[in-house]
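Asks:
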Amino acid sequence: MTMAINRREWIQQSLLASAAMLVAGTTGAYGCASGFRERRIEGEPLQLNWNENPYGPSTSATEAVNEAMKNANRYPDDYIVKLKEKLANLNSVKSENLLITAGSTEVLSLLGQHVGLKKGEILTAYPTFPTMIMFGERAGATIKKVDLDEDNRFDFNRLKNAITNKTTLVFVCNPNNPTGTEVQTIDLKAFCKSVPENVLICVDEAYIEYSNAGLAGSMVSLVSELPNLIICRTFSKTYGLAGLRIGYAISNEANIIALRNRHLGFELSTGWAPLVAAAVTLDDQQFIDMCVKKNNEGKQIVYDSYDRWGVKYNRSSTNFIYTRHDRFHKDVVAKMRERGILITKWPDMYDHIRISVGKLEEMRTFVDVVEDFLV
Ligand SMILES: Cc1ncc(COP(=O)(O)O)c(C=O)c1O
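Residues in the sequence shown are numbered from 77 upward in steps of one, following our numbering.
1. What would DSSP say about S327, mapped onto helix, strand or coil?
2. Using CA atoms only, rank isn't needed, just tell me which of A289, G212, N253, A354 is closest to W126.
3. Along the chain, which unbroken stretches of the beta strand (DSSP E) at least 3 residues long are found entirely within the segment 227-272?
4. Contact between the segment 213-233 and the segment 185-198 is defined here as three or more beta-carbon pairs at a separation below 8 Å; is this criterion met?
5. Does the pairing of the segment 363-379 with the segment 329-343 give three or more beta-carbon distances under 8 Å?
6. Tell me whether I419 sits in a helix, a strand or coil according to DSSP, three-state version.
7. Could you spell out the range, first to last residue, of the alpha helix (DSSP H) harbouring Y382?
8. Just the C-alpha distance for A132 and L320, rounded to the nearest angstrom, thanks.
9. So, for A140: in the same chain, excluding its five sequence neighbours on each side, which residues have a beta-carbon less than 7 Å away from its beta-carbon?
10. Where does the unbroken beta strand (DSSP E) through R428 begin, and where does it stop?
11. With respect to 6 Å, is the separation between the Cβ of D280 and the closest non-hydrogen atom of ligand 1 below this value?
12. Nearest by alpha-carbon distance to T244: which of T218, E447, S294 is it?
13. Grab me the residues of F18's own chain with a C-beta within less than 6 Å of its C-beta, minus the 5 sequence neighbours each way, in chain order.
14. Locate the alpha helix (DSSP H) running through Y155, then write down its first and last residues.
15. Return yes when the Cβ of V296 is within less than 7 Å of the Cβ of N390, no when it is not.
16. For N147, which option in K388, A349, I417 has the closest C-alpha, if you only look at C-alpha atoms?
17. Quick test of the definition: if touching needs 3 or more C-beta pairs under 8 Å, does the segment 307-315 touch the segment 414-423?
18. Using only the alpha-carbon positions, how far apart do K265 and E281 sit?
19. Specify whether the segment 427-446 and the segment 384-400 touch according to this definition: at least 3 beta carbon pairs, one from each stretch, less than 8 Å apart.
20. How big is the Cα-Cα spacing for M412 and R384?
21. Alpha carbon to alpha carbon, what distance is there between I209 and V443?
22. State the CB to CB distance for the pair T207 and T181, rounded to an integer number of angstroms; the pair is presumed to be in contact (CB under 8 Å).
23. Quick one, are the C-beta atoms of G293 and S300 less than 7 Å apart?
24. How would you write the range of the alpha helix (DSSP H) that L184 sits in, first residue to last?
25. In three-state DSSP terms, what is E281?
26. Please work out which residues of its chain come closer than 8 Å, Cβ to Cβ, to I284, disregarding the five sequence neighbours upstream and downstream, and give them in chain order.
27. Under 6 Å Cβ to Cβ from K242, same chain only, skipping five residues before and after it: list those, please.
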């Protein structure tokens, strides 16, 4: 991995970068204190804006967390080892290939800052999930964006043609946020293999369990072959644990050591509760299957109305739907908020809005209310 930087240097630079971010203020394009979140409104809005899993956490996770409180006086190092063993088995990798983090945001921010502090370049297709770009940009990275293809999917020909000797890292999100589209596994594999070894590839698999390909669409089988590949995953989506903050990176051992050494929490940013909740939810296939099934039913409620109204959208491989804005009032996001329903439009989503999939009754409410703003 081209992350040659010693630990002290990294910590100094990270602290400087964080301080600079604080001084600059962070109410950025994504409109909230963290630079990304929308402000929550009073009362109990219908939150169709952050792609959370409305069915989580599982009962098994809640029980395990309650039980884990007994150990809250102890550091959870041993449990990190246990979770890694479980993840290693499930993904046919070794524990040494894994880094446990407080949400996959930590992996994305570490990589973004790594490229930024080297004054390197992040290449991606756009629109995509912007966390790495934001951290990279703030730390000094150049960002190069190519367009998605006409079906709003990552376009590997465009990406390949855009790789130059300036490219430090290529970011691929599959399935992609905000478009909800997935690429063919075979195409992504071929692309990863074609990227020069001195260019890092980060594949963000936050929504992979919801996708048509499922975990079989993961790039994890390439980890032993490609020293430049880093995969990030999260328990925030299908596993229903967004509020507990737990995710992980999968890569070759050298990259994992490099990331761990630069991680300000030295892998101790997660606690007992997220660790045990993640472990039991991984085993709770019934819960996962229920979440995926209900999510598909929720999407169908929206598709049926959209089809009736002639609204264009991408069939989603995730728990959100990328929806053409043009059949709705231009201020539909604000109008829906006034009615207590939060949906999303990032400034650079161009002519689309994004609707997260809630429970079935919530999606029925959504279609009832949004119909008032059809134009
Ligand atoms: C594509 C993608 N990657 C990563 C994340 C970060 O998730 P977390 O930090 O909760 O793991 C999100 C969150 O919405 C996402 O959509």
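Each residue gets a CB set at the ideal place from its N, CA and C atoms; glycine is no exception.
Keep in mind the model is a prediction, meaning the values are calculated, not measured.
Replies: With the structure as the only source:
1. Strand at S327.
2. When only C-alpha atoms are compared, the closest one is N253.
3. Unbroken beta strand (DSSP E) runs of no fewer than 3 residues, entirely contained in the segment 227-272, are found at 243-249, following chain order.
4. For the pair of segments examined, the segment 213-233 was found to touch the segment 185-198: the number of CB pairs separated by less than 8 Å reaches three.
5. As far as the Cβ criterion goes, the segment 363-379 does not touch the segment 329-343, which means the pair count is below three.
6. Three-state result, I419: coil.
7. Y382 -> alpha helix (DSSP H) spans 361-385.
8. The residue you asked about is not Ala; residue 132 is Gly in the sequence shown. When rounded, the distance between both Cα atoms is 11 Å.
9. Only V352, A353, V356 meet the Cβ criterion.
10. Residue identity check: residue 428 is His in the sequence provided, not Arg. That run of the beta strand (DSSP E) goes 428-432.
11. The answer is yes for D280.
12. Closest by alpha carbon: T218.
13. Residue 18 lies beyond the range of the chain shown here (77 to 451); nothing can be said about it.
14. Residues 153-167.
15. Going by C-beta atoms, N390 is not nearer than 7 Å to V296.
16. For N147, the closest of K388, A349, I417 by C-alpha to C-alpha distance is A349.
17. Not touching, per the Cβ criterion.
18. So the two alpha carbons sit approximately 14 Å from each other.
19. Because the criterion of three Cβ pairs below 8 Å is met, the segment 427-446 and the segment 384-400 touch.
20. Near 20 Å, if we compare the C-alpha coordinates of R384 and M412.
21. Whole-angstrom Cα-Cα distance: 33 Å.
22. T207 to T181, Cβ: 6 Å. Contact.
23. Between G293 and S300, the CB-CB gap reaches or exceeds 7 Å.
24. Segment 180-193, the alpha helix (DSSP H) holding L184.
25. E281: coil per DSSP, three-state reduction.
26. So the list reads N250, P251, G290, L291, G293, S294, R309, once near-sequence residues are dropped.
27. Residues E197 of the same chain have their beta carbon placed closer than 6 Å to that of K242, with the five preceding and five following residues left out of the count.
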